[in-house]
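The structure appears right after this line, and notes come after that.
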Amino acid sequence: MHCGTQLGVVHEGGAAYTERLDQLDQRTSEIEERVDQLDRQQKIVQLDQEWEREQAEYWVKDKHGNAHPPSAAGAVFMCIFAIGGAIAFVSFAVLSGAPRSGVVFTLVGGLIFGLVGVITGIVQLGKVGRHQEAKRRYRQRREQLLKRD
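Here this note's numbering is used: position 97 in the sequence shown is 876, and no number is missing along the way.
Listed below in structure tokens is the structure:
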């Protein structure tokens with residue numbers, strides 16, 4: 780301590796020098812802040828990368844092979860289309876006047892068509908819900924990391 784100032788010895792590279800301890804504390808605090816900020820930024824980048832991988836699990840492919848997030852409207856349309864198709868099959872079978880074996884075959888085909896379509900729509904609706912929940916968790920976690928900045 781010289782003239783009321785507290786000094787500390789700093790070793791940097793091959794040199795050694797004295798520095799006021801209050802300046803040293805300030806520099807240490809600034810470095811800690813920077814390290815914390817870099818840590819948060821790294822966690823955000825990692826979270827974003829994990830989300831990119833996770834959301835691919837929920838995506839559906841269209842007839843052109845393009846992947847996109849599932850939509851509730853698409854799932855509902857699928858169910859309505861399947862039910863409409865099944866009704867058309869059954870109506871055709873009943874009204875066609877075809878022999879009994881043809882009617883049964885058409886009825887079964889229509890019911891299978893409707894059932895597969897409705898099940899597919901329900902599965903897609905489940906994906907929509909899981910995707911929305913995962914997205915909510917991702918956004919919440921990201922918001923928490925950003926608030927620390």
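For every residue, glycine included, the Cβ atom is placed at its ideal position computed from N, Cα and C.
Small disclaimer: the values here were computed from a predicted structure and weren't measured.
Check, Outcome
"Beta-carbon spacing of Leu817, Arg920 below 8 Å", "no"
"Secondary structure, alpha helix (DSSP H): runs of 4+ residues fully inside the region 783-868", "800-834"
"Candidates Ala854, Ala867, Arg916 and Gln903, of which the one nearest Val887 by Cα", "Ala867"
"Cβ-Cβ distance between Gln903 and Ala854 below 8 Å", "yes"
"Same chain, Cβ closer than 6 Å to Val897, five either side skipped, listed in chain order", "Cys858 and Ala861"
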